[in-house]
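Heads up, this note's numbering is the position in the sequence shown plus 151, with the first residue counted as 1. Every residue, glycine too, gets a C-beta built ideally from N, C-alpha and C. Below: one structure, written as structure tokens.
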Amino acid sequence: MIHLRQITKRFGPQTVLQGIDLDLRPGEFVSLLGPSGCGKTTLLRIVCGIEQADLGQVLMQGQDITRWPASQRRFGVVFQSYALFPNMTALQNVGYGLTELPRREATARAEEMLALVGLADQQHKFPAQLSGGQQQRVALARALAPRPRLLLLDEPLSALDAQVRHEMRTEIRALQQRLGITTLMVTHDQDEALAMSDRVVLLAKGQIAQQGAPRQLYEQPASALVAGFVGRMNWLDGQVVAEGRVRIGTALLDCDTSAYKTGSVVRLGVRPESLRLLDGEGAMIRARIDALQFHGAVTQVLMRCDALGSALLLELPSGEASGLTEGEMRGLRLPARALQLFDAPTSMRRAA
Ligand code: ATP
152 MIHLRQITKR FGPQTVLQGI DLDLRPGEFV SLLGPSGCGK TTLLRIVCGI EQADLGQVLM
212 QGQDITRWPA SQRRFGVVFQ SYALFPNMTA LQNVGYGLTE LPRREATARA EEMLALVGLA
272 DQQHKFPAQL SGGQQQRVAL ARALAPRPRL LLLDEPLSAL DAQVRHEMRT EIRALQQRLG
332 ITTLMVTHDQ DEALAMSDRV VLLAKGQIAQ QGAPRQLYEQ PASALVAGFV GRMNWLDGQV
392 VAEGRVRIGT ALLDCDTSAY KTGSVVRLGV RPESLRLLDG EGAMIRARID ALQFHGAVTQ
452 VLMRCDALGS ALLLELPSGE ASGLTEGEMR GLRLPARALQ LFDAPTSMRR AA
């Protein structure tokens with residue numbers, strides 16, 4: 152549907168995007184995720200046509216549209232700030248871009264789109280008379296009304312409060328699937344990207360660090376950078392001491408070391424929900440509960456483990472955490488399957 156080939160963009164001396172290759176398949180919802188300043192918005196603007204790449208091509212169904220102006224591309228765009236016309240009603244806003252249709256048909260189409268986003272009864276209100284969530288629905292209806300070939304969403308939910316944001320996630324995704332419209336969304340919110348997308352593209356320093364299904368990025372991160380950005384991770388530094396065995400502090404842990412030679416200095420990552428507490432006194436690794444934080448369905452347990460020489464964050468279903476008290480010692484299990492090894496930072500490798 153859309154193919155980006157070797158997109159490179161510089162602002163003065165700064166290279167913001169470097170050789171980006173990205174394909175959007177028909178009907179797919181793809182999120183561009185990454186830390187602030189990594190170039191997400193710039194890439195979206197290049198796809199949209201409001202920014203030009205210095206090098207590389209934007210192809211649409213095989214056609215080179217790199218130099219096409221935004222208006223010729225006919226993509227629908229929704230911005231964080233809604234960008235509605237304040238002096239027009241919701242209906243007029245949605246109908247604004249439908250200049251190619253006879254007036255009556257344009258109005259009917261605008262009404263249909265407002266109904267689709269659940270605002271049939273609000274069509275004569277002005278933006279200032281609508282809530283943030285409703286304004287964003289109007290912006291979405293306006294973007295979709297001309298039947299765009301591609302929908303571009305630039306941080307569409309970040310101006311909304313938490314509850315509305317959650318509702319809108321579900322609504323936008325359901326609407327996108329119902330219409331089958333190919334969608335590219337920029338977000339810095341990893342929950343949002345994981346929850347809404349078919350595929351997440353993680354950008355870092357102007358390059359694609361990894362792309363894949365949300366579960367793939369979470370469960371098989373390609374680097375420590377990806378693992379740290381997508382979900383939370385406990386990091387432990389250590390060394391591979393034998394095949395299948397890593398030493399962390401004074402503890403020896405079993406895990407898959409197949410990617411590393413014996414003697415390698417490594418960084419071990421383990422997700423907070425993968426750690427387990429044991430009752431028995433005989434557990435090899437013991438840790439002290441420093442703090443308990445109740446979050447409704449889950450409880451976060453902050454522990455200090457002398458053997459590992461580190462603090463650890465655990466996340467337990469609250470039902471399992473109800474008997475725990477701050478200050479008590481517990482056995483700790485780090486299941487081999489949940490331990491992932493990554494390259495240690497260069498400074499650590501040198502020191503070793
Ligand atoms: P954020 O999540 O904070 O919006 P982002 O990943 O979307 O970040 P971009 O907005 O694409 O990042 O910006 C990437 C880099 O390019 C930043 O360092 C920014 O300062 C720079 N930049 C963006 N637009 C321009 C411009 N028109 N002129 C100069 N530098 C720019």
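Taking a cut-off of 8 Å on C-beta distances, the stretch 323-332 touches the stretch 295-314, as three or more cross pairs fall below it. A straight line joining the alpha-carbon of Q390 with that of D405 spans about 12 Å.
Residue nearest to R176 within the set E370, S348 and R455 is S348 (criterion: CA-CA distance).
Put simply, the stretch 240-256 touches the stretch 291-306. At least three CB pairs are less than 8 Å apart. Less than 8 Å separates the beta-carbon of V167 from that of G357. Excluding the 5 residues flanking it on each side, A472 has same chain C-beta neighbours closer than 6 Å at T450, in chain order. Taking 4 residues as the shortest admissible run, the stretch 272-298 contains the following complete alpha helix (DSSP H) segments, listed from N- to C-terminal end: 283-295.
In this structure, V228 sits away from V352, with a CB-CB distance that is not shorter than 8 Å. Considering only P237, T401 and A221, the residue with the shortest C-alpha distance to R300 is A221. No heavy atom of the ligand ATP is found nearer than 7 Å to the CB of K356. Going by DSSP, L368 is part of the alpha helix (DSSP H) stretching over P365 to E370.
Burial of T338 is indicated by the presence of at least 16 other C-beta atoms within 10 angstroms of its C-beta. Residue range Q491 to D494 is occupied by the beta strand (DSSP E) that includes D494. For F230, the three-state secondary structure derived from DSSP is strand. When distances are taken from the beta-carbon of K276 to the heavy atoms of the ligand ATP, even the shortest one reaches 7 Å or more.
Under the DSSP assignment, M347 falls in the alpha helix (DSSP H) whose first and last residues are Q341 to M347. Straight-line measurement puts the Cα of R260 at about 30 Å from the Cα of R218. Note on A462: under 16 other CB atoms within 10 angstroms of its CB, so exposed under the neighbour-count rule. Excluding five sequence positions before and after P423, the CB atoms of its chain that fall closer than 6 Å to its own CB belong to R383, L464, L465 and E466, given in chain order. By DSSP's assignment, T166 forms a beta bridge with R161. Inclusion of T193 in the 7 Å shell around the ligand ATP follows from its C-beta lying nearer than that to a non-hydrogen atom of the ligand.
Between the stretch 409-421 and the stretch 474-493, the count of C-beta pairs closer than 8 Å reaches three or more; the two stretches touch. Burial check for F226: the Cβ neighbour count within 10 Å reaches 16 or more, so the residue is buried.
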